[in-house]
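> Can you read through this structure? Questions will come right after.
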Amino acid sequence: MATRTARTSWKGTLQEGSGTTELASSGLGTFDVSWPKRTSDAADGSTSPEELIAAAHASCFAMAFSGGIAKAGGTPQSLEVTADVGFGPDKERGGFHITGITLTVRGRVDGMDAAAFEQAAQEAKAGCPVSKALTGTEITLDAALES
């Protein structure tokens, strides 16, 4: 199976330094990273580890869910997936941590009722490789079938 690579180059201290993260496998881009922007509500043109995790989780879940819908006899027409990854102080162990992830999916699916849609969504949440990699992080799911 495939291995994917990202590289980060960092210069300076945590508070005053900054870096760039390159999506090396795909060559799709290089993105600025810094601690002040990571901890701010305004990203201002920078990304963060949490945003990259959100991107990975949203895309992984969408693929797993599409496969699960087909396995359950449905035909996915469209799935819109958002992953919100929280970041904040870890009051129990010190430092910082991912505080939780919320996956939100809205979908149009032929041949599937709302209960089957919810079941397939829960199975995708549990079976998605990124969800498995994030074991120990609370992941909530908000799934709704649209007509």
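So the mapping is simple: our numbering equals the position in the sequence shown, first residue as 1, plus 3.
Glycine included, every Cβ here is placed at the ideal spot set by N, Cα and C.
Classify Leu55 as helix, strand or coil using the three-state DSSP reduction.
helix
> Kindly indicate the opening and closing residues of the alpha helix (DSSP H) around Lys135.
132-136
> Indicate whether the contact test is met: 3 or more Cβ pairs, each with one atom in the segment 64-84 and one in the segment 126-139, closer than 8 Å.
Yes: at least three Cβ pairs fall under 8 Å.
> Using only the alpha-carbon positions, how far apart do Asp44 and Glu149 sit?
31 Å
> Hey, would you say Gly103 sits closer than 8 Å to Thr42, going by beta carbons?
No, Cβ-Cβ distance for Gly103 and Thr42 is not below 8 Å.
> Output the distance between the C-alpha atoms of Ser28 and Gln18, rounded to the nearest integer angstrom.
29 Å
> How many Å lie between Pro132 and Arg96 at the Cα?
26 Å
> For Lys74, is the beta carbon positioned less than 7 Å from some heavy atom of the ligand SAH?
The model depicted lacks the ligand SAH and carries no ligand whatsoever.
> As an exercise, report each continuous alpha helix (DSSP H) stretch of at least 4 residues that is fully enclosed by the segment 22-75, in chain order.
38-41, 52-74
> Given 8 Å as the limit, is there contact between the segment 103-122 and the segment 81-94, that is, 3 or more CB pairs closer than that?
yes
> Rank Gly130, Asp145, Arg109 by C-alpha distance to the C-alpha of Leu82 and give the top, closest one.
Arg109
> Check Glu141 in the structure and name its three-state DSSP category.
coil
> Looking only at DSSP bridge pairs, what is Leu148 linked to?
Paired residue(s): Gly110.
> Check for me: the beta strand (DSSP E) holding Gln80 runs from which residue to which?
78-92
> First and last residue of the beta strand (DSSP E) that includes Arg96?
Here Arg96 belongs to no beta strand (DSSP E), and DSSP marks it neither H nor E.
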